[in-house]
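In what follows, a single structure is set out as structure tokens and then discussed.
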Amino acid sequence: MKKVNLIFASLIVIAIVGFFIFSGMTKSFEDNVPKELLSEVTSVEILRTFDNKEVVIEDKYGIDEVMSSFSNARLKESKIHKIESTDSYWITIRANNERKFGITVYDEEYLIVYDYESSEVHNYQIKDGFSITTIEKIFE
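All residue numbers for the sequence shown refer to my numbering, where the first residue is 13 and numbers rise by one.
Next comes the structure, spelled out in structure tokens:
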């Protein structure tokens, strides 16, 4: 009986430790957007929703600047039920004139990544490493 209790207690401890390890895991932006694709980007379209102003970036320097603003972002998968956002940016990443990824950024708090090829949507809470400043400067 002691052996059964010991095994049962061990399983509970392992489950609790596993829960805390996996619930705190974060991903990088590159975990969702392959590096190969990032080198093939031909344009980035950004729509600022509060005034419906749109900017299209086609020069390599501008594209690299926008994409690098996401490179250090640490993201945690999240189930987003309701976002109370004052500002959002809708970003479309194109490679070879085809839409590859859509990114929606909400107030430096949430990021939604849409893969146009697979029709997959991933919702993330931004934990750290991201600043909207680079994107805001494009509209100045």
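Every residue, glycine too, gets a C-beta built ideally from N, C-alpha and C.
Endpoints, the beta strand (DSSP E) within which residue i is located
i, result
"Y128", "Per DSSP, Y128 belongs to no beta strand (DSSP E) and is neither H nor E."
"T104", "S100 to A107"
"I69", "K65 to I69"
"I58", "V53 to R60"
"K162", "Since the first residue shown for the chain is 13 and the last is 152, residue 162 is missing from the structure and cannot be characterised."
For residue j and residue i, the rounded distance between their alpha carbons
i, j, result
"F142", "L87", "9 Å"
"D125", "S90", "Per the sequence shown, residue 125 should be read as Val rather than Asp. If I take the Cα positions, the gap works out to 12 Å."
"S80", "K15", "54 Å"
"G74", "F62", "22 Å"
"E52", "A107", "5 Å"
"I144", "E120", "6 Å"
"T98", "N109", "31 Å"
"E152", "N64", "14 Å"
Neighbour-count burial assignment, residue i, 16 or more Cβ in a 10 Å radius
i, result
"F113", "buried"
"T116", "buried"
"F82", "buried"
"I161", "No answer is possible for residue 161: it lies beyond the span of the chain, which begins at 13 and ends at 152."
"I58", "buried"
"I95", "exposed"
Beta-carbon separation (whole angstroms), residue i vs residue j, contact threshold 8 Å
i, j, result
"T146", "V56", "Not really, about 11 Å apart at Cβ, beyond 8 Å."
"S100", "Y118", "5 Å"
Enclosing alpha helix (DSSP H) for residue i [first to last residue]
i, result
"G74", "K72 to S83"
Inset, instruction - Would you check if the stretch 128-141 and the stretch 60-74 touch, i.e. whether three or more CB-CB distances between them fall below 8 Å? - result: Put simply, the stretch 60-74 does not touch the stretch 128-141. Fewer than three CB pairs are less than 8 Å apart.
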